[in-house]
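Everything below concerns the one structure shown next.
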């Protein structure tokens with residue numbers, strides 16, 4: 013491939029270029045995005061970003077595909093049960109864009125590693141995990157380092173796609189998960205300035221099951237096939253709309269979170 017061919021838009025991105033323009037597509041190619049958590053939200057967010065032409069991505073997840081994931085998670089098929097989610101997603105993403113610069117981190121988030129994992133090199137971090145305490149680690153690390161973050165709140169227990177929206181964490185409502193995240197972050201000095209995707213649809217405890225408390229998770233809600241994917245879509249839209257100039261780039265400054 014000569015230099016001119018390398019600079020030209022790949023045929024598979026022509027529809028995106030028609031919509032966004034050549035300059036925006038070039039900015040997308042240079043973007044660096046980390047997606048943490050490859051479940052129902054994160055797997056779709058990662059795919060949408062890949063198909064949009066984001067050129068540098070890091071995916072993080074320490075889990076394997078379980079049969080119960082099949083109703084809502086992109087990497088979950090009967091043929092992939094037991095495989096690493098990162099491996100399944102990496103193969104899929106590189107099949108979409110063979111030129112993607114992809115880093116795979118097959119690990120779970122914990123307080124000791126998150127500060128080293130998140131660096132100023134990233135334009136965005138997508139927090140797609142569903143455990144409150146690790147989520148707070150990620151958000152605080154991003155705020156401390158001045159890295160923009162889009163965080164997924166509770167997708168479980170919802171059925172109405174029209175209630176899913178993008179907002180600042182401080183503006184969320186009818187989301188018990190977001191309420192717990194806000195409560196924990198306030199203790200760490202974070203009050204606002206966290207872009208989130210949430211649903212304003214009320215949830216019922218009738219659809220909740222308790223767990224043994226492992227993996228920082230005390231309970232979970234039943235989940236539809238499409239709401240987590242819609243959360244991932246909204247997260248990806250934040251990046252694409254910023255690159256296109258539809259939304260103003262948020263100014264993020266480093267803060268002292270204690």
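Residue numbers (our numbering): 13 to 270. Backbone N, C-alpha and C define an ideal beta-carbon position, used for all residues, glycine too.
If we ignore side chains and look at the alpha-carbon of each, how far apart do residue i and residue j end up?
| i | j | result |
| --- | --- | --- |
| residue 196 | residue 145 | 8 Å |
| residue 104 | residue 51 | 15 Å |
| residue 56 | residue 140 | 10 Å |
| residue 253 | residue 134 | 17 Å |
| residue 188 | residue 113 | 37 Å |
| residue 202 | residue 23 | 44 Å |
| residue 194 | residue 48 | 19 Å |
| residue 156 | residue 233 | 31 Å |
| residue 25 | residue 191 | 39 Å |
| residue 247 | residue 162 | 6 Å |
| residue 66 | residue 129 | 20 Å |
Run the CB neighbour count on residue i, radius 10 Å, all protein chains shown included, and call it buried at 16 or more, exposed below.
| i | result |
| --- | --- |
| residue 94 | exposed |
| residue 243 | buried |
| residue 257 | exposed |
| residue 184 | buried |
| residue 85 | buried |
| residue 59 | buried |
| residue 122 | exposed |
| residue 170 | buried |
| residue 80 | exposed |
| residue 61 | buried |
| residue 27 | exposed |
| residue 109 | buried |
| residue 40 | buried |
Since residue i and residue j should fall inside the 8 Å C-beta cutoff, what is the C-beta to C-beta distance between them, to a whole number of angstroms?
| i | j | result |
| --- | --- | --- |
| residue 159 | residue 199 | At roughly 21 Å, the Cβ-Cβ gap does not stay under 8 Å, so residue 159 and residue 199 are not in contact. |
| residue 167 | residue 251 | Contact doesn't hold; Cβ gap of about 19 Å is too wide. |
| residue 125 | residue 70 | Contact flag wrong, Cβ pair sits at about 13 Å. |
Do you know whose CA, among the options, lies nearest residue i's CA?
| i | options | result |
| --- | --- | --- |
| residue 150 | 31, 41, 46, 90 | 46 |
Note to self: So within the region 187-217, which uninterrupted beta strand (DSSP E) runs reach at least 3 residues, ignoring any that extend past its ends?
What the structure shows: 207-211
Check: In chain order, which continuous runs of the alpha helix (DSSP H) of length 4 or greater are located wholly inside the region 132-189?
Finding: 144-157
Notebook entry, point to check: Which ranges would you report for the alpha helix (DSSP H) in the region 84-125 if only whole runs of at least 4 residues count?
Noted result: Given a length threshold of 4 residues, each whole run of the alpha helix (DSSP H) inside the region 84-125 is given here in chain order: 97-108.
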